[in-house]
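Below you'll find the structure, written out as structure tokens, and then a few comments.
Number of protein chains: 2
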Amino acid sequence: MKSIYFDNAASAPMLESVVQSMSQVLMEMTGNPSGTHKHGRKCRAAIEKSRKSIAENFNASIGEIFFTSGGTESNNTALNCSVDQYGVQRIITTPIEHPSVLNTLSFLKTKRGIQVEFLAVDNMGRIDLAELENKINAQNDRTLVSIMHANNEIGVINPIAEIGEICKSNNILFHTDAVQTVGHLPIDLNSMYISFLSASGHKFHGPKGIGFLYVNSNNIIQPFINGGSQERNVRGGTENLAGIVGMAEALEYCKNNLDKKRQHVVALRQYFIEKIKTALPPTVKIMSMEDPEDCLYTILNIMVPQTAKSDLLLMNLDIAGISASGGSACSSGAEKGSHVIGAITNNKQAGKSVRFSFSFLNTTEEVSQTIEVLKKSL
Amino acid sequence: MKSIYFDNAASAPMLESVVQSMSQVLMEMTGNPSGTHKHGRKCRAAIEKSRKSIAENFNASIGEIFFTSGGTESNNTALNCSVDQYGVQRIITTPIEHPSVLNTLSFLKTKRGIQVEFLAVDNMGRIDLAELENKINAQNDRTLVSIMHANNEIGVINPIAEIGEICKSNNILFHTDAVQTVGHLPIDLNSMYISFLSASGHKFHGPKGIGFLYVNSNNIIQPFINGGSQERNVRGGTENLAGIVGMAEALEYCKNNLDKKRQHVVALRQYFIEKIKTALPPTVKIMSMEDPEDCLYTILNIMVPQTAKSDLLLMNLDIAGISASGGSACSSGAEKGSHVIGAITNNKQAGKSVRFSFSFLNTTEEVSQTIEVLKKSL
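Chains A and B supply the protein sequences, listed in that same order.
Taking this note's numbering, the leading residue of the first sequence gets 1, the next gets one more, and so forth.
Taking this note's numbering, the leading residue of the second sequence gets 379, the next gets one more, and so forth.
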């Protein structure tokens, strides 16, 4: 049985060319990038070449890109440093952020006394920019806005350019978790007001365990992870050399193939949507917005009514060789229900939601097979 | 010109078998380890197999090993969590710890009001256990002791079993940075009182960007990096799967070849010491203790008098194809002088120190060639 991988938003398959580059780095680049000798300089050069390539991708400068161990560390860094170095006392966010934002905010609230305010989201996960402005204006405390670019469970895209303009005119910091969009949507950081942007390599066909944080050059942050003078004194720790090289190569590939990849996946997703509407019972609800202008084209979330059968849906898909995911990644095996679905439906138990997420490697044939399995399971 | 790599304490060369395993993981293990489907379970199984292998190495239990992005993050985690979760108010340490400890302590002092106390070190970098006991007894505040297993610049080994006993009898926490010793010295965590132990993969022929923190099962820590429920809710972020597998394999190799590797390097180092004494001017001083019982056998630090020529020593070695390092890794290129040499000589400008650090891949022939270059350069 050929397996079908529809969990690309959780982790996208590595590109073969990227694996080859990484293997070469692992084998040949002995040395610590901080070493001043030949071995060290070779490592350093590879890191700086990767940084340049990533910065160019976003129309950013090399001094604005800092490597981290992933999107989670990037989010932790932006939020913690805003509090510790910038004296931020209030953070405005949404209830459907990733746990690496929500749990960091919970920590900052409990341990640092930070005020955390949540914007409302509608039944599609959208925020209201007027509410954002009102909240900002209601209080003069030093404020940070942290709003993700696209949601990881339902795919709703937030208007980060407009949010940035609002933050700019109020002279406050703006962080966006762009883990789901980097590599999939073009992002021009020079044309927007964004203080911090988080990204993760394995979401765009790079390796797991590497990411970066963009810090706008108007801001200077102190380390979240203290140590040596790596990353221009902003992030201690010997660099994950192979990971950095692999991430940069994967991003370069995504940039060079963006339109082609996008067209393929948009068509695939549209086919999936049509099949759901025509071949599945009408009780199956599409939770993501259909227009790829409103929703990240790699993500499609559906909900089936809560029944004894629906609880086994993911398992039945898995048995049929189809990997998809529940509302939230749940490493413990115990289903808690998704905080995202809970926020947009006002009911965590509204039904059983399943996220299908795609890459350019998926085919319409795989969609057809999946629809057949869904039909039988429901 | 064949190059000579004597900077193994900065980063040790990867084992070919480890690179092969990692490449296979990168290529074949698509999926997020938190995924509940087939792809995810395969990743999860690889992580847990690695954790088991690492735990067994230290006679620890699998529940005591937490993966991090490296030694620096491990040190940051142990120190920050001691303060945030355990209410530690005073930390006793030494002036020759790694910057990831010293700079974190400086942060905790400035931003969290923690009291930091330094033990004196003698001219060989040794601490006095009586002073440690006196300091502990002088104050009843909640205290953590953070003392490295072996120093990264001069190699001096601290008696962590005895330090642990002192901490145990005073009912306080003990953290040790064992980044330089893991893989090189046997460590039985079941027979010692150690609350936290930090390690880094690339110091024992594994990849850069991965490490682990041992947390004794009597302690439960909250995350330093907040996020998903990875690492049993202790460390958020998708796991660096290939890094974890590579680190576990490298450690397994080191365990299986410990005696052979050690004998080889001890002999090599002894040969180096004899050559320094017989072939170089008597002004060249050996800064590391000679007995491998007192000093980590992979490290040999020498000091040459400060002259115009000595400033070019590392450069001359580099030109001759020999990679060694100054007192401290200095990514900026500006020589600040080593805080370790400063602490043991009471004079940061006492001379020019050079650290040679070895692995089982080095040969006596390489030592002879290096001695010839040193002779010419001095």
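Just so it is clear, CB atoms sit at the ideal spot from N, CA and C, and this is done for glycine as well.
Exercise. Shorter than 8 Å from the beta carbon of B/P585 to some beta carbon of chain A?
Worked result: For B/P585, the closest Cβ of chain A is nearer than 8 Å.
Exercise. Does any residue of chain A bring its CB to less than 8 Å from the CB of B/S524?
Worked result: no
Exercise. Is DSSP giving B/M358 helix, strand or coil here?
Worked result: It is not possible to answer for residue 358 of chain B, since the shown part of chain B is limited to 379 through 756.
Exercise. Given B/F552, which residues of its chain have a CB within under 7 Å of its CB, disregarding the five upstream and five downstream residues?
Worked result: V523, I541, G542, C545, Y571, I572 and S573
For this session: Assign B/G413 to one of three DSSP states: helix, strand, or coil.
Result: Coil at B/G413, not helix or strand.
Exercise. Does the Cβ of A/K261 have 16 or more other Cβ atoms within 10 Å, making it buried, or fewer, making it exposed?
Worked result: buried
Exercise. CA-CA distance, A/M124 and A/A350?
Worked result: 14 Å
For this session: Anything in chain A within Cβ reach of B/T391, meaning under 7 Å, just list it in chain order.
Result: It should be noted that the sequence gives Pro, not Thr, for residue 391 of chain B. What B/P391 touches in chain A: T30.
For this session: Can you give me the start and stop residues for the beta strand (DSSP E) that A/M247 sits inside?
Result: Careful: A/M247 lies outside any beta strand (DSSP E), inside the alpha helix (DSSP H) at L241 to N256.
Exercise. Identify the residues that DSSP records as bridge partners of A/I322: which are they?
Worked result: A/I4
Exercise. Per DSSP, A/M303 forms a beta bridge with which residues?
Worked result: A/K285 and A/S353
For this session: State the DSSP-derived secondary structure class of B/G441, mapped to helix, strand or coil.
Result: Correct three-state label for B/G441: helix.
Problem set entry | A/S331 at chain B interface by Cβ criterion, 8 Å | With a pLDDT of only 39 at A/S331, under the threshold of 50, the placement of this residue in the model should not be trusted, and no figure is reported.
Problem set entry | Through-space distance from B/F444 to B/D372, alpha-carbon basis | Beyond the ends of chain B as shown, which are 379 and 756, falls residue 372 of chain B; an answer cannot be given.
Exercise. Which bits of chain B does A/S381 rub up against, with CB to CB less than 7 Å?
Worked result: Beyond the ends of chain A as shown, which are 1 and 378, falls residue 381 of chain A; an answer cannot be given.
For this session: Rounded to whole angstroms, what's the CA-CA distance from B/L619 to B/N694? Just pull it up for me.
Result: 40 Å
For this session: Would you mind telling me which residues of chain A sit closer than 8 Å to B/M681, beta carbon to beta carbon, in chain order?
Result: Correct list: empty, because the minimum Cβ distance to chain A is about 18 Å.
Problem set entry | Residue ranges of each alpha helix (DSSP H) within the stretch 496 to 524 of chain B, 4 or longer | The qualifying runs are 507 to 516.
Problem set entry | Near-chain B residues of the stretch 59 to 71 of chain A - C-beta to any C-beta below 7 Å | S69 and G70
Exercise. Would you report the Cα separation of A/H184 and A/K255, rounded to the nearest angstrom?
Worked result: Rounded to whole angstroms, A/H184 to A/K255 spans 8 Å at the Cα level.
For this session: Taking the CB atoms as reference points, tell me whether A/P13 and B/T408 lie closer together than 8 Å.
Result: yes
Exercise. What's the C-alpha gap between A/G211 and A/G201?
Worked result: 5 Å
Problem set entry | Residue interval of the beta strand (DSSP E) (run including A/F212) | G211 to V215
Exercise. Should A/R112 be listed as close to the ligand ATP, given that the test is whether its C-beta is under 7 Å from any heavy atom?
Worked result: The ligand ATP is not part of this structure, which contains no ligands at all.
Problem set entry | Three-state secondary structure assigned by DSSP to A/V156 | In the structure shown, A/V156 sits in a strand (DSSP, three-state: E or B).
Exercise. Apart from the five residues on each side of it in sequence, which residues of its chain come closer than 7 Å, Cβ to Cβ, to B/N435?
Worked result: Counting only residues of its own chain and dropping the five nearest sequence neighbours on each side, B/N435 has a CB closer than 7 Å to the CB of L629 and K633.
For this session: With DSSP collapsed to three states, give me the class of B/I749.
Result: helix
Exercise. Looking at chain A, which residues of the stretch 477 to 488 of chain B have a Cβ within less than 8 Å of any of its Cβ atoms?
Worked result: P477, S478, N481, T482, S484 and F485
Exercise. When you check each C-beta in the stretch 601 to 626 of chain B against every C-beta of chain A, which residues fall closer than 7 Å?
Worked result: I603, N604, G605, G606, S607, Q608, G614, G615, T616, E617, N618, L619, A620 and G621
For this session: Measuring alpha carbon to alpha carbon, tell me which of A/S217, A/H264, A/T238 and A/Q20 ends up nearest A/N226.
Result: Nearest C-alpha to A/N226: A/T238.
Problem set entry | Counterpart residues of A/A199 in DSSP-defined beta bridges | A/F212
Exercise. What residue does the beta strand (DSSP E) around A/D177 start on, and which one ends it?
Worked result: Per DSSP, A/D177 belongs to the beta strand (DSSP E) from L173 to D177.
Exercise. In terms of residue numbering, what span does the alpha helix (DSSP H) encompassing B/T482 cover?
Worked result: P477 to R490
Exercise. Is the stretch 18 to 29 of chain A touching the stretch 41 to 54 of chain A in the sense that three or more CB pairs, one from each, lie closer than 8 Å?
Worked result: yes
For this session: With DSSP as the reference, label A/I194 as helix, strand or coil.
Result: coil
For this session: Identify every residue that forms a DSSP beta bridge with A/Q115.
Result: A/R90
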